[in-house]
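> Take this structure, written in structure tokens, and hold onto it; I'll ask about it next.
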Amino acid sequence: MSEEILVNVTPRETRVAVVENGMLQELHIERASRRGVVGNIYKGRVQRVMPGMQAAFVEIGLERAAFLHASDILRLPAAPSGEGEGEVLAPSPPPAITSLVHEGQEIVVQVVKDPIGSKGARLTTQVSIPSRYLVFLPHSRVLGVSARIEDETERTRLKTLVGELANGSGQGYIVRTNAEGQPDEALAEDVAYLRKAWDVIREASASCKVGQRIYEDLALPLRAVRDLMRKNVDTVRVDSREAYDRLNAFAHQFMPELAARIEHYTGERPIFDLYGVEDEIQRALQKEVPLKSGGYLVIDQTEAMATIDVNTGSFLGQRNLEETVYRTNLEAAQSVARQLRLRNLGGIIIIDFIDMNDDEHKRQVLRTLEKGLAHDHARTSFHEFSPLGLVEMTRKRTTDSLERQLCETCPECNGRGTLKTGETLTYEIFREITRAVRQFEAQQLLVIASPKVVNKITEEESAAVAELEEFLGKTIRFQADEQYAQEQYDVVLL
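Have a look at this one:
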């Protein structure tokens, strides 16, 4: 599989695209005006303790107070056989929040989830510091290996090595996927770097003030190279000389064996245009996703969850209905896995595949979905088909989806996704006229509205206007204004 990482840098925005076999799979965006805060460590102050929610709100210097749950304060000592990429289980159930923190208490916290929508950032006191090959857990004793490293011999080697490097320090490490096949010296260098970083953080946390940032994660281009660059990545192309120099220096220091794969793109054509990324981004903002067979997906994102509906569309198949449905669902499963990564959809996700009667077909569709999700860097889990034929799954969400990063609520429909029809607005205006005449004295009335609504009233509802004028004993005039949105109107008394 051919994989490339493209880095597009402009003065106020940086974008990183992951392209596999010529097709965009992931897009990461960082803007100077709104940098993400995941991974940052702050000195905070407990603002309010909520016993009913088992949580506290903490002031860390952001626009909104951040959220700290009791389960993110204390951590159950983990056995050395942890398998995650950085997640360590918390006690269940956790102690009462009132026994853990109190209002006014100063506390060192790390952001694990960016502010999303109206919600503040999510915090933890269980600090973790990532490096190229490891995640350092200073408050834990866990020694874990990424589940994506499947070779048992290699897993044993890495676990033993990290255990020796930890040297009974009482601190934990998670071995990342990138560590597979790396020499002992590379992991030893990471351990030394992480210990130095932790010493700096501890010193800073003792002297800094509430609301100050103690530690900040790397900028997006450096994070992308650290987290996404693996042996199967052919090239990293950067269209900024300054960013290229920084990436090159970073790679030579931390991953010299891969540094030669970083290239400075000097072409006249924008790098994202060259690879068709800009077009893919525009398509990722549409609700419908066409499938090659003629079927399509419909993706809806709500506050609570994302839903994906699979339709056969124009695909008729060549054998029978069951075979047509099966083929469509197989293709849809592959597309769903890609769209989740591309759109960065997270939280609860419901997939409504087309109904299938054959249990083997259902198993094959789930296997295809699982295979597609195996390339996802975010943690995912899904369940078998429900009695209603739905697949329920979750995907870890740490930042806003692509749509919410790039778009805002429609000012005309206020996020409903629909507008009132001209007919509905006509009768609404008639009611407003009647209400105004009963409340205030006026000889005549002027209605100002969008051209579409005014045309509807004067051309199709002229008889109704005449009846209303006779009933009220008032003259009603209508004025079209291009500046008025479809649902906007004013009734003026003259």
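Counting in full-length UniProt numbering, the sequence shown runs from 1 upward without gaps. Where is the CB? At the ideal position from N, CA and C, for every residue including glycine.
(1) Do Gln486 and Leu390 come within 8 Å of each other at the CB atom, strictly closer than that value?
(2) At which residues does the beta strand (DSSP E) containing Arg48 begin and terminate?
(3) Tell me whether Tyr275 is buried or exposed, calling it buried when 16 or more other Cβ atoms sit within 10 Å of its Cβ.
(4) State buried or exposed for Met229, treating a residue as buried only when at least 16 other CB atoms are found within 10 Å of its CB.
(5) Would Val19 pass as a contact of Ser240 if the rule is Cβ separation under 8 Å?
(6) Identify, in the order they occur along the chain, each residue of the same chain with its Cβ nearer than 7 Å to the Cβ of Leu285, setting aside the five sequence neighbours on each side.
(7) Where does Asn232 land, buried or exposed, given buried means 16+ other C-beta within 10 angstroms?
(8) For the beta strand (DSSP E) that Pro94 lies in, which residues bound it at each end?
(9) If you draw a straight line from the alpha carbon of Thr434 to that of Ser118, how long is it in whole angstroms?
(10) For Glu83, which of helix, strand or coil comes out of DSSP?
(11) Can you pull the DSSP bridge partners for Thr380?
(12) How would you write the range of the beta strand (DSSP E) that Glu288 sits in, first residue to last?
(13) Helix, strand or coil: how does DSSP classify Thr153 here?
(14) Keeping to the same chain, check which residues put their C-beta closer than 7 Å to that of Tyr296; ignore five residues upstream and five downstream.
(15) Determine the closest residue to Ile348 out of Glu216, Val109, Ile308 and Val112, with distance taken between C-alpha atoms.
(16) Check for me: the alpha helix (DSSP H) holding Gly117 runs from which residue to which?
(17) Would you tell me roughly how many angstroms separate the C-alpha atoms of Ala32 and Arg15, rounded to the nearest one?
(18) Might you give, ordered along the chain, the residues of its own chain that have their beta carbon closer than 8 Å to the beta carbon of Gln54, omitting 5 neighbours on each side?
(19) Determine the DSSP secondary structure at Ser2, reduced to helix, strand or coil.
(20) Let me confirm a value: residue 502 is counted as buried when at least 16 other C-beta atoms fall within 10 Å, else exposed. Which label applies?
(21) Taking only the alpha-carbon atoms, compute the straight-line gap between Thr398 and Ala463 and give it to the nearest angstrom.
(22) What residue range does the beta strand (DSSP E) around Asp69 cover?
(23) How would you call Met393, buried or exposed, if buried means at least 16 neighbouring beta carbons within 10 angstroms?
(24) For His264, report the span of its beta strand (DSSP E) as first-last.
(25) When you compare each of Asp358, Asp184 and Leu493 to Phe440 by their alpha carbons, which one comes out closest?
(26) Using 10 angstroms around the beta-carbon of Glu460, count the other beta-carbons present and answer buried if the total reaches 16, otherwise exposed.
(27) Alpha carbon to alpha carbon, how far is Ala442 from Thr421?
(28) Enumerate, from N- to C-terminal direction, the unbroken beta strand (DSSP E) stretches of 3 or more residues contained entirely within the segment 182-250.
(29) Alpha carbon to alpha carbon, how far is Glu87 from Val38?
(30) Return yes when the Cβ of Gly372 is within less than 8 Å of the Cβ of Ala332, no when it is not.
(31) What separation, rounded to the nearest whole angstrom, lies between the Cα atoms of Ile281 and Arg431?
(32) Terminal residues of the continuous alpha helix (DSSP H) containing Phe272?
(33) Is the beta carbon of Val112 sitting closer than 8 Å to the one on Leu143?
(34) Going by DSSP, what residue range makes up the alpha helix (DSSP H) through Tyr326?
(35) Measuring alpha carbon to alpha carbon, tell me which residue in Val200, Asn320 and Arg327 is nearest Gly294.
(36) For Ala306, does the three-state DSSP call read helix, strand or coil?
Straight from the coordinates:
(1) As a first step, residue 390 is located in the sequence shown; it is residue number 390 there, counting from the start. As a first step, residue 486 is located in the sequence shown; it is residue number 486 there, counting from the start. With a cutoff of 8 Å on beta-carbon distance, Leu390 and Gln486 are scored as not near each other.
(2) Stepping through the sequence shown from its first residue, residue 48 is reached at position 48. Counting along the chain, the beta strand (DSSP E) containing Arg48 begins and ends at Ile41 to Met50.
(3) Sequence index remark: in the sequence shown, residue 275 carries index 275 (1-based). The residue is buried, with at least 16 neighbouring Cβ atoms inside 10 Å.
(4) Your numbering for residue 229 matches position 229 in the sequence shown. Flag for Met229 reads buried.
(5) Numbered from its first residue, the sequence shown carries residue 19 at position 19. Numbered from its first residue, the sequence shown carries residue 240 at position 240. No, Cβ-Cβ distance for Val19 and Ser240 is not below 8 Å.
(6) In the sequence shown, counting from the first residue as 1, residue 285 sits at position 285. The answer, listed in chain order, is Glu403, Leu406 and Cys407.
(7) Here the question's residue 232 lines up with position 232 in the sequence shown. Exposed: under 16 other Cβ atoms inside 10 Å.
(8) Counting from one through the sequence shown, the residue named residue 94 turns up at place 94. Note, Pro94: premise wrong, no beta strand (DSSP E); not H, not E.
(9) Numbered from its first residue, the sequence shown carries residue 434 at position 434. Numbered from its first residue, the sequence shown carries residue 118 at position 118. Their backbone Cα atoms lie some 39 Å apart in a straight line.
(10) As a first step, residue 83 must be located in the sequence shown, where it is residue number 83. Any answer about Glu83 is weak, because its pLDDT of 39 lies below 50 and its placement is not dependable; what the coordinates show is given next. Three-state DSSP puts Glu83 in coil, outside helix and strand.
(11) Against the sequence shown, residue 380 aligns to sequence position 380. Answer is Arg395, bridged to Thr380.
(12) The residue labelled residue 288 in the question sits at position 288 within the sequence shown. Element bounds for Glu288: Glu288 to Pro290.
(13) Stepping through the sequence shown from its first residue, residue 153 is reached at position 153. Three-state result, Thr153: helix.
(14) Taking the sequence shown and counting its residues from 1, one reaches residue 296 at position 296. So the list reads Glu288, Val289, Pro290, Asn311 and Gly313, once near-sequence residues are dropped.
(15) Along the sequence shown, read from residue 1 onward, the residue named residue 348 stands at position 348. Nearest of Glu216, Val109, Ile308 and Val112 to Ile348, Cα basis: Ile308.
(16) Position 117 of the sequence shown, counting from 1, holds the residue named residue 117. Run containing Gly117: none; DSSP gives neither H nor E here.
(17) In the sequence shown, counting from the first residue as 1, residue 32 sits at position 32. In the sequence shown, counting from the first residue as 1, residue 15 sits at position 15. One C-alpha to the other measures close to 12 Å.
(18) Walking along the sequence shown from the start, residue 54 turns up at place 54. A distance below 8 Å between beta-carbons, with the five flanking residues on each side excluded, links Gln54 to the following residues of its chain, in chain order: His69, Ala70, Ser71, Pro94, Ala96 and Ile97.
(19) The sequence position of residue 2 within the sequence shown is 2, counting from 1. Ser2: coil per DSSP, three-state reduction.
(20) What is shown of the chain runs 1 to 494, which leaves residue 502 out entirely.
(21) Stepping through the sequence shown from its first residue, residue 398 is reached at position 398. Stepping through the sequence shown from its first residue, residue 463 is reached at position 463. Distance from the CA of Thr398 to the CA of Ala463, rounded to the nearest whole angstrom, comes to 57 Å.
(22) As a first step, residue 69 is located in the sequence shown; it is residue number 69 there, counting from the start. Checking the sequence shown, residue 69 turns out to be His, not Asp. Its beta strand (DSSP E) spans residues Ala66 to His69.
(23) Here residue 393 is taken as the residue at index 393 of the sequence shown, counted from 1. That one is buried.
(24) By one-based count along the sequence shown, residue 264 stands at place 264. Where His264 is concerned, the enclosing beta strand (DSSP E) stretches over Ile262 to His264.
(25) Start at 1 with the first residue of the sequence shown, and residue 440 comes out as number 440. With distances taken between Cα atoms, Phe440 lies closest to Leu493.
(26) As a working mapping, residue 460 is identified with position 460 in the sequence shown. Exposed, since its Cβ has fewer than 16 Cβ neighbours within 10 Å.
(27) Position 442 of the sequence shown, counting from 1, holds the residue named residue 442. Position 421 of the sequence shown, counting from 1, holds the residue named residue 421. C-alpha separation (whole angstroms): 29 Å.
(28) 213-215 and 233-238
(29) Within the sequence shown, residue 87 is the residue found at index 87, counting from 1. Within the sequence shown, residue 38 is the residue found at index 38, counting from 1. Reliability fails at Glu87, whose pLDDT of 42 lies under 50, so the model's placement of it is uncertain and no value is given.
(30) Counted from its first residue, the sequence shown places residue 332 at position 332. Counted from its first residue, the sequence shown places residue 372 at position 372. In this structure, Gly372 does not lie closer than 8 Å to Ala332 by Cβ.
(31) In the sequence shown, counting from the first residue as 1, residue 281 sits at position 281. In the sequence shown, counting from the first residue as 1, residue 431 sits at position 431. Rounded to the nearest angstrom, the two C-alpha atoms are 44 Å apart.
(32) Locating residue 272 in the sequence shown gives position 272, counting from the first residue. Unbroken alpha helix (DSSP H) run through Phe272: Ile271 to Leu274.
(33) Here residue 112 refers to the residue found at position 112 when the sequence shown is read from its first residue. Here residue 143 refers to the residue found at position 143 when the sequence shown is read from its first residue. Contact: no.
(34) Position 326 of the sequence shown holds residue 326. Residues Leu321 to Arg343.
(35) Here the question's residue 294 lines up with position 294 in the sequence shown. Closest by alpha carbon: Arg327.
(36) Here residue 306 is taken as the residue at index 306 of the sequence shown, counted from 1. Strand, per DSSP.
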